[in-house]
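There are 2 protein chains.
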Amino acid sequence: MRVDILTVGDELLIGQVVNTNATWLGEQFSAMGARIGRIVSMADNHNSIQAELQRSVEVADVVVLSGGIGPTHDDVTRQALADFFGVELCFDASIYQRIEERYAARGQTPPESNRALAEIPEDFEVLNNPIGTAPGLWHTVTDGEETTVVIALPGVPGELKAIVQDYVVPRLKDEVSLSSSAQRTLLTAGLGESELQERLQSSKLLENDEVELAYLPSSKGVRLRLTAHASSAQEAREKLQALEEKIRERVSDYIYGMDNDMLEAIVGEMLFERGLTLAVAESCTGGLLADRITNVPGSSRYMKGGVVAYSNTLKEELLSVSVDDLRMQGAVSEVVVLQMAEGIRELAHTDVGMAITGIAGPKGGTPEKPVGSVWIGLATAEDARAETFVFTTDRLFNKDRSCTEALNMLRRFLQEESDVQDTAEVSIEAPKQ
Amino acid sequence: MRVDILTVGDELLIGQVVNTNATWLGEQFSAMGARIGRIVSMADNHNSIQAELQRSVEVADVVVLSGGIGPTHDDVTRQALADFFGVELCFDASIYQRIEERYAARGQTPPESNRALAEIPEDFEVLNNPIGTAPGLWHTVTDGEETTVVIALPGVPGELKAIVQDYVVPRLKDEVSLSSSAQRTLLTAGLGESELQERLQSSKLLENDEVELAYLPSSKGVRLRLTAHASSAQEAREKLQALEEKIRERVSDYIYGMDNDMLEAIVGEMLFERGLTLAVAESCTGGLLADRITNVPGSSRYMKGGVVAYSNTLKEELLSVSVDDLRMQGAVSEVVVLQMAEGIRELAHTDVGMAITGIAGPKGGTPEKPVGSVWIGLATAEDARAETFVFTTDRLFNKDRSCTEALNMLRRFLQEESDVQDTAEVSIEAPKQ
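Heads up: the sequence lines are chains A and B, in that order.
First residue of the first sequence? That's 34 in our numbering, and the numbers climb one at a time after it.
First residue of the second sequence? That's 34 in our numbering, and the numbers climb one at a time after it.
Next up, the structure:
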């Protein structure tokens, strides 16, 4: 099943409103197993709507329009639909009655302009709007064996979502047989796009074109999007599962979650489960690591706080970093990051201390330490470790990527800890056998 | 000038990524006075790209593509462009040299897959990517008197923005004559949308339909977008100027900048000009205030650092907040926020200390202090002040909005300081006249 999404509204074109309706609709229909053909935003303009409708009706099984069905003069979607299908707009008394009832419940009568909401193209079905006045519309076009469904929805996000969830998704599931595909996104950190690709492409992961693998890099790491197509949903899921297993065999250490997981939430959950507390010391990331950690509701259960030691004086006075090491090794060095991690751990009386120091850029690099150089350190009562990276010349990317790698280092440390524990339990039990 | 925006990427269709690139591009080209014809998202698929390209090239003056020009097998935009214009992909040694130099700066050599980035359609011009490896492309097509420009950009937002700001907008302004309209955005903080609207709508600001005013609220404050249309560019600018003056008369105290100004950069510049240093103490914002301040390149000239005092212990031990006040008044109180501001000022030896404490949510509210309650404090050697707000139940919005209001409080404080100084200078000089 191919679904095209047509969103109508000047505000979408001029950058006034981010098109979250399209994103949400894409997610809903993809989750049903449909393939999204294209998403088009166009002006509140009769001709534009007709042109895009024409192109989509020719190739898609379902065309979903949103926006432009309100009561004002710039709402032209209803008229464009009527003209496209060569029918008249007709006044539907039951729609208007429902609008009058909504107003009456507040002791009011509807403004005259609301009569337009009840003018719908002849033979279109009405989808009740449970939270607003503008109803959705449904029209099934049959041409020989081909059936196309055209659906028009209000642009107000809450109303659109209600109609899709209440009517559109259940009815499409009933009426349309879906092609079978399955999709999953694996979230990775610690390897770049091309390093991942080298590890994954040498092996024959994609021996047929019924599975697809896409690399989506960002400052949060590289996401791997897996897609599988098959003649049945069960078969598609099995293919997806097989692909995922092959990928995990090769890069399992770098996969921190899937789909909408957040690294900071995963690490937070691990800390909480193990009863460990955390504090962070930041130089080049300037507070972003603490910020990301505290974006997670409930993070105060394990996150005690941190120090942003932008100046060397604060590194010395609060984090007990050695003046000599700062002078001899520089603030961006292994010895300093380890002292920062241990310093914040002691200052905040926590189990774990994390530290980041680096050159965020765009200036401040040297030949030995170019812009984007970062040291990340971790300290516990028993352990201390540090890693270094060289990222880009983009300040904000470097800040965010440094935090991602710091969180991933903490995740791997916590994972090792539990692996060690699991092994220890096994060896204790072993002699009994 | 009609601009069409074509964004390429499976992730845009399936609801995985919100298409903020399209929104940003729409805003940029609209601000230039261009009309956005349509925005289309399509799959990483050769035929889809060709089909949409065909439709847009026929009607638009400028076609901007983004995405699908990376090094991996699912990046097909370069090949689709070559095929569309009937040319070959050619290896451009200077592009690859630049990629090698980027890697060499980190002591590395590029992975083999990066060679694909230097394969560009014959006769296309290269737009250097200042922060990444995939360059942008520019192609001018002339057919009789008609000229169409086709531009391809990387999908990574930071890289796309850099290329558009550095090359695309300046060059289009040079080469293309624009219809006459003028646009400006005034950035405000300190008043909500409806408070602003009340102050601005009672007066007859918009007496004709050739000027428009839109309210765009966000956690960074409310942006006011002013648009003026006229028969000449000069006239449009004059109308815009007149509207701006009327708005400034009414709400000047709340306007902190315009267009792409960042509040943190404006405040930073004010601090630097006055030779003042800053440190911050954060509870509910968890490091975000320090993060936003240090997003500004060169901020280490005035920003010394901060403490994220998520736990009460850190508030007491590092910021010298009174245990009794914490117990009696609670962590979210005027007395505590003032002690935090003074505490961080002394700890970091700075001229100014700022502090934020509140209930970010979604849980943790009480009838007296609902979720979203925030106290913001400011301390200098001579002055101390605090303000309280109640925002929403959304954790991330509350964090960001609290930081915006803290920065705005600091801006207004620094502004008052210089107003007092100016007045003092005037009164000293006055007797001479």
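Backbone N, C-alpha and C fix where the C-beta goes; we use that ideal spot for every residue, glycine too.
Residue from the options with nearest C-alpha to residue i
i: GLY319/B; options: THR327/A, PHE118/A, GLY42/A; result: THR327/A
i: GLN83/A; options: GLN49/A, VAL183/A, ARG444/A; result: VAL183/A
i: PRO403/B; options: ARG418/B, LEU304/B, PHE422/B; result: PHE422/B
i: VAL92/B; options: SER366/B, ASP176/B, VAL453/B; result: ASP176/B
i: GLY191/B; options: PRO250/A, SER146/A, MET65/A, LEU219/A; result: PRO250/A
i: THR221/A; options: LEU296/A, TYR200/A, GLN234/A; result: LEU296/A
i: ASN78/B; options: LEU98/B, ALA113/B, ILE72/B; result: ALA113/B
i: LEU304/A; options: ARG334/A, PRO163/A, GLU282/A, MET291/A; result: ARG334/A
i: ARG444/B; options: SER344/B, TYR289/B, ALA393/B, HIS382/B; result: TYR289/B
i: ALA55/A; options: SER74/B, ALA137/B, LEU39/B; result: SER74/B
i: LEU193/A; options: LEU371/A, ALA381/A, THR53/A, ARG71/A; result: THR53/A
i: SER366/B; options: ASP125/B, ARG418/B, ALA151/B; result: ARG418/B
i: GLU243/B; options: ASN293/B, THR260/B, SER252/B, SER227/B; result: THR260/B
i: ARG135/B; options: LEU122/B, ARG111/B, GLY119/B, ALA167/B; result: ALA167/B
i: GLY363/A; options: ARG428/A, LYS337/A, ILE392/A; result: ILE392/A
i: TYR129/B; options: PHE118/B, PRO104/B, ALA115/B, VAL109/B; result: PRO104/B
Residue i - containing alpha helix (DSSP H), residue span
i: THR346/A; result: 345–352
i: LEU359/B; result: 356–362
i: GLU415/B; result: From DSSP, GLU415/B is part of no alpha helix (DSSP H); its letter is neither H nor E.
i: GLY468/B; result: Because residue 468/B is not part of the residues shown, which for chain B are 34 to 466, the question remains open.
i: THR390/A; result: Premise fails: THR390/A lies in the beta strand (DSSP E), 385–391, not in any alpha helix (DSSP H).
i: LEU321/B; result: 321–327
Start and end residues, beta strand (DSSP E) containing residue i
i: MET291/A; result: 288–291
i: ILE521/A; result: What the structure shows of chain A is the stretch from 34 to 466, and residue 521/A is not part of that stretch, so it cannot be assessed.
i: LEU122/B; result: 122–124
i: LEU309/A; result: Per DSSP, LEU309/A belongs to no beta strand (DSSP E) and is neither H nor E.
i: LYS396/B; result: It is not in any beta strand (DSSP E) - LYS396/B carries neither H nor E in the DSSP assignment.
i: VAL341/A; result: 336–342
Beta-carbon proximity list for residue i, same chain, < 8 Å, skipping 5 on both sides
i: PHE133/B; result: For the sequence presented, residue 133/B should be read as Glu rather than Phe. So the qualifying residues of the chain are THR142, PRO143.
i: VAL356/A; result: GLU349
i: GLY225/B; result: PRO250, VAL255
i: CYS436/A; result: THR318, LEU321, LEU322, ARG325, ILE389
i: LYS396/A; result: VAL404
i: VAL284/A; result: THR221, LEU224, LEU229, ARG232, LEU233
i: ALA298/A; result: VAL329
i: TYR40/B; result: It should be noted that the sequence gives Thr, not Tyr, for residue 40/B. Excluding positions up to five away in sequence, the list reads ASN52, ASN54, ALA55, ILE72, VAL73, SER74, MET75, LEU98, SER99, GLY100, GLY188.
Contacting residues, own chain, Cβ-Cβ under 6 Å from residue i (five flanking each side not counted)
i: PHE424/A; result: GLY405, ASN431, ARG434
i: ALA247/A; result: ARG258
i: PHE157/B; result: LEU170, HIS172
i: GLN466/A; result: The predicted model places GLN466/A with a pLDDT of 37, which falls under 50 and marks its position as unreliable, so this point remains unresolved.
Chain D contact residues for residue i, given Cβ-Cβ distances below 8 Å
i: GLY376/B; result: Absence of chain D from the displayed structure is noted, the protein chains being A and B.
Sequence-distant residues of its chain with Cβ nearer than 7 Å to residue i (five each side left out)
i: ILE377/B; result: ALA312, VAL313, ALA314, GLY339, VAL340, LEU352, GLY386, ALA388
i: ILE196/A; result: LEU160, ASN162, GLY169, LEU186
i: VAL189/B; result: GLY165
i: VAL354/A; result: LYS348, VAL369, GLN372, MET373, GLY376
i: ALA263/A; result: SER213, GLU243, ALA269, LYS272
i: LEU309/B; result: TYR335, ASP384, VAL385
i: MET442/A; result: ILE409, LEU411, GLU420
- Message: Which complete alpha helix (DSSP H) runs does the stretch 188–231 of chain A hold, if anything under 4 residues is left out?
- Response: 190–196, 202–208
- Message: Which complete beta strand (DSSP E) runs does the stretch 63–118 of chain A hold, if anything under 3 residues is left out?
- Response: Fully enclosed beta strand (DSSP E) runs of 3 or longer: 68–75, 95–99.
- Segments of 3+ residues assigned as beta strand (DSSP E) that fall wholly inside the stretch 135–179 of chain A: For the stretch 135–179 of chain A, whole beta strand (DSSP E) runs of length 3 or above, ordered along the chain, are 152–154, 158–160, 169–176.
- Message: Give me the subset of the stretch 64–87 of chain B whose CB atoms are less than 9 Å from a CB atom of chain A, sorted by chain position.
- Response: Residues ALA64, ARG68, ILE69, GLY70, ARG71, ILE72, VAL73, SER74, MET75, ALA76, ASP77, SER81, ALA84, GLU85.
- Just list the alpha helix (DSSP H) runs in the stretch 242–307 of chain A, keeping only unbroken ones of 4 residues or longer that don't cross its boundaries, in chain order. When DSSP assignments are scanned along the stretch 242–307 of chain A, the uninterrupted stretches of alpha helix (DSSP H) that are 4 or more residues long and fall wholly within it turn out to be 266–284, 296–307.
- Message: Output needed in chain order: residues of the stretch 398–411 of chain A with a Cβ under 7 Å from some Cβ in chain B.
- Response: When C-beta distances to chain B are compared with 7 Å, the residues of the stretch 398–411 of chain A below that value are PRO403, in chain order.
- Query: Name the residues in the stretch 418–435 of chain A whose C-beta lies less than 7 Å from a C-beta of chain B; which are they?
  - Reply: Residues of the stretch 418–435 of chain A whose Cβ lies closer than 7 Å to any Cβ of chain B, in chain order: VAL423, THR425, THR426, ASP427, ARG428, LEU429, PHE430.
- Message: Tell me which residues of the stretch 216–238 of chain A have at least one Cβ-Cβ distance to chain B shorter than 9 Å, keeping chain order.
- Response: GLN216, THR218, GLY225, GLU226, SER227, GLU228, GLN230, GLU231, GLN234
- Selection of the stretch 88–108 of chain B by Cβ proximity to chain A, strictly under 7 Å: PRO104, THR105, ASP107
- Item | Residues of the stretch 44–64 of chain B with Cβ closer than 9 Å to any Cβ of chain A, in chain order | GLU44, LEU45, LEU46, ILE47, GLY48, GLN49, VAL50, VAL51, ASN52, THR53, ALA55, THR56, TRP57, LEU58, GLY59, GLU60, GLN61, PHE62, SER63, ALA64: these are the residues of the stretch 44–64 of chain B whose beta carbon lies less than 9 Å from some beta carbon of chain A, given in chain order.
- Task: Taking only beta carbons into account, state which residues of the stretch 288–307 of chain A come closer than 8 Å to chain B, listed in chain order.
- Result: If the cut-off is 8 Å between Cβ atoms, the stretch 288–307 of chain A has nothing near chain B.
- Closer than 8 Å, Cβ to Cβ, to anything on chain A: give me those residues from the stretch 244–258 of chain B, in chain order. ALA247, LEU249, ARG258
- Anything in the stretch 333–345 of chain A with a Cβ closer than 9 Å to a Cβ of chain B? List those residues in chain order, please. SER333, MET336, LYS337, GLY338, GLY339, VAL340, VAL341, ALA342, TYR343, SER344
- Quick one: which residues of the stretch 128–146 of chain B get their C-beta closer than 9 Å to a C-beta of chain A? List them in chain order. ARG135, ALA138, ARG139, GLY140, GLN141, PRO143, PRO144, GLU145, SER146
- Looking at chain B, which residues of the stretch 358–389 of chain A have a Cβ within less than 8 Å of any of its Cβ atoms? LEU380, ALA381, HIS382
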